[in-house]
Each structure stands twice: as C-alpha cells, then as structure tokens.
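Enquirer: Every position in the sequence shown, counted from 1, becomes a number in the working numbering once 1 is added.
Glycine included, C-beta positions come from ideal geometry on N, C-alpha and C.
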Amino acid sequence: MLIALVVVIVLVVAIAGMYNALVRLRVLVDNAWADIDVQLKRRHDLIPNLVETVKGYASHEKSTFEEVVAARAKAMSAQTPEARGQAELGLSAALGRLFALAEAYPQLRAVESFTQLQGTLAQIEDAVQSARRYYNAVVRDFNTKTAQVPWNILASTFGFASREFFQLTDENERAVPSVTFS
C-alpha cells in the first residue's frame, strides 16, 4: 500500500513538473510574440512621419505613398505569425520603393529629419530581426517539447497546441546578394 502511494505521488509530481514546464514555454512564446509586436508597432508608428517627409519633396508620387499606407494598414491588422510575416514583407517592399524614390531627390537625402527617420527605421528593423530570432527559438523549443513522448500526451490532454514560426516567406529575401567588383 505504501509503495503504491509513493508511486502515485511520484507520478503526480512528475506530471505537475511536465505541465509547469509546458506552461513556462507557452508564456515565453507569448512574451516573445509581444516583443515582436512592440517592435512592429514602433515601425508602424514611424512610417507616417517618413511618408510625410518624403511627400514634402516628391508630392507627385502619390501612388507610392498610397501603397506604403495600404501596406502599413494591412500589416497592422494581420493577426497570426504567418499573416503578419507576409504583410510585413509587403510593407518592407513598399518601404523599399519609398526609399528608392527618395534616392531620386538629393535635397531630400540631405534633410536631417529624413536621415534620422531612416536611421531609426534601421534600428527598429534590427530589433525586429532580433525579436524574431528569439521568438522562433522559443517556438522551436515549445513545439519540440509538445511533440516528444511523453510530453505530447500531456500537451494534447491540456490543449497545448504547436505555434507558428514568424519567418520570411519570400525566397528573394533569403537569397544571398551577389557582389561584383568593377
């Protein structure tokens, strides 16, 4: 009788420990996603200032500005990591076109507020990439744990579902740029 009680207690403690480990990983995933969300919000908040600055020098480029604004709205409304990744990729492409447009206006490139906004955006992009790497690492750990035996039994019993990675979906973004020297 005493042996059975000890075995039950050991099993309960083991299951509680496993459950707590899954909860800890789930909280880390949620926290890491919140970090990405904060960085993306900083990026989204900076874009109207950037558009207005460029608009002052290239007001006839209305379609480019509208494209950036539409891409920003789409990115802000995306909910899942996959949808968010695709929307942010579209926003990055639109911003790339905005910066290409700015290259055609040397007087704009000389404006201090534009260069400051550009520098701030670069810092935010670095922070987003760092937050994305951390999030994907935590998701990897969580998904691995919920797929392994006996964790998968406990995970499915208590509703721990695997999470999506926040990744690039455009193969061009993954390609190594070619460098040629003339």
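Under 7 Å, do L51 and A76 count as touching if we go by C-beta distance?
Expert: no
Enquirer: Say whether the segment 46-65 touches the segment 121-141, bearing in mind that this needs 3 or more beta-carbon pairs closer than 8 Å, one atom from each stretch.
Expert: yes
Enquirer: Report yes if the C-beta distance between A72 and Y106 is below 7 Å; otherwise report no.
Expert: no
Enquirer: What's the call for G57, buried or exposed, on a 16-neighbour Cβ count within 10 Å?
Expert: exposed
Enquirer: Return the residue from the list A128, V55, N137 and A138 that minimises the CA-CA distance to F100.
Expert: V55
Enquirer: Under three-state DSSP, which class holds Y136?
Expert: helix
Enquirer: Beta carbon of L102, beta carbon of E62: below 7 Å?
Expert: yes
Enquirer: By the three-class DSSP mapping on this structure, what secondary structure does P178 have?
Expert: Unreliable positioning characterises P178 in this predicted model, as indicated by a pLDDT of 47, which lies under 50. The coordinate reading is nonetheless provided below. Coil, per DSSP.
Enquirer: Please name the residue, chosen from T65, V11 and L118, that lies closest to A94 on a Cα-to-Cα basis.
Expert: In terms of CA proximity to A94, T65 leads the group T65, V11 and L118.
Enquirer: Is the segment 151-161 touching the segment 125-141, taking contact as three or more C-beta pairs under 8 Å?
Expert: No, the segment 151-161 is not in contact with the segment 125-141.
Enquirer: What number of angstroms, rounded off, separates the C-alpha of N21 from the C-alpha of F166?
Expert: 22 Å
Enquirer: Go ahead and label T147 buried or exposed: buried means 16 or more other beta carbons lie within 10 angstroms of its beta carbon, across all protein chains shown.
Expert: buried
Enquirer: So, helix, strand or coil for T81, using DSSP?
Expert: coil
Enquirer: For a test of the three-state rule: what should DSSP assign to G18, helix, strand or coil?
Expert: In the three-state reduction of the DSSP assignment, G18 falls in the helix class.
Enquirer: Quick one: measure Cβ to Cβ for I16 and Y136, integer angstroms, because I've assumed they're closer than 8 Å.
Expert: 28 Å between Cβ atoms; not a contact.
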